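Residue numbers (full-length UniProt numbering): 1 to 100.
Heads up, the beta-carbon is just placed ideally off N, CA and C, and yes, glycines get one too.
Computed from a predicted model, the values in this text were never measured in an experiment.
Taking it in order: structure first as structure tokens, then the write-up.
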Ligand SMILES: [Mg+2]
């Protein structure tokens with residue numbers, strides 16, 4: 001994931017994007033949510049199967065947008081997403097034990 005984050009940061013730097021850090025975390029968090037909504041839009045009024053058959057490419061692109069903004073937010077806040085996810089899975093395992 002580090003390599004992907006570096007690629008995204010290079011892309012932004014080359015375009016002069018993201019140099020204003022004022023409110024950047026907030027903007028990135030909003031962008032994660034907006035892109036997740038764009039992902040959802042592909043499923044509106046359709047079954048999962050229909051949505052995938054209709055526009056798998058679009059679903060892929062919106063999922064990528066979510067990841068791109070999330071990686072930027074994690075980079076800005078110095079969050080190791082892999083470690084954070086591992087910790088959260090452990091926390092979830094305690095919260096939701098395997099049923100007997
Ligand atoms: Mg998008």
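State yes or no: is the C-beta of residue i within less than 8 Å of the C-beta of residue j?
{"i": "residue 9", "j": "residue 75", "result": "yes"}
{"i": "residue 53", "j": "residue 42", "result": "no"}
Sorted by chain position, which residues of the same chain lie with C-beta nearer than 8 Å to residue i's C-beta, five sequence neighbours on each side aside?
{"i": "residue 97", "result": "none"}
{"i": "residue 45", "result": "none"}
{"i": "residue 23", "result": "none"}
Excluding five sequence neighbours on each side, which residues of the same chain lie with their C-beta closer than 7 Å to the C-beta of residue i?
{"i": "residue 77", "result": "25"}
{"i": "residue 84", "result": "none"}
{"i": "residue 80", "result": "none"}
Count the other CB atoms within 10 Å of the CB of residue i; is the residue buried (16 or more) or exposed (fewer)?
{"i": "residue 73", "result": "buried"}
Q) So, do the segment 22-38 and the segment 48-66 have three or more beta carbon pairs nearer to each other than 8 Å? A) yes
Q | Three CB pairs or more closer than 8 Å across the segment 69-85 and the segment 25-36 | A | yes
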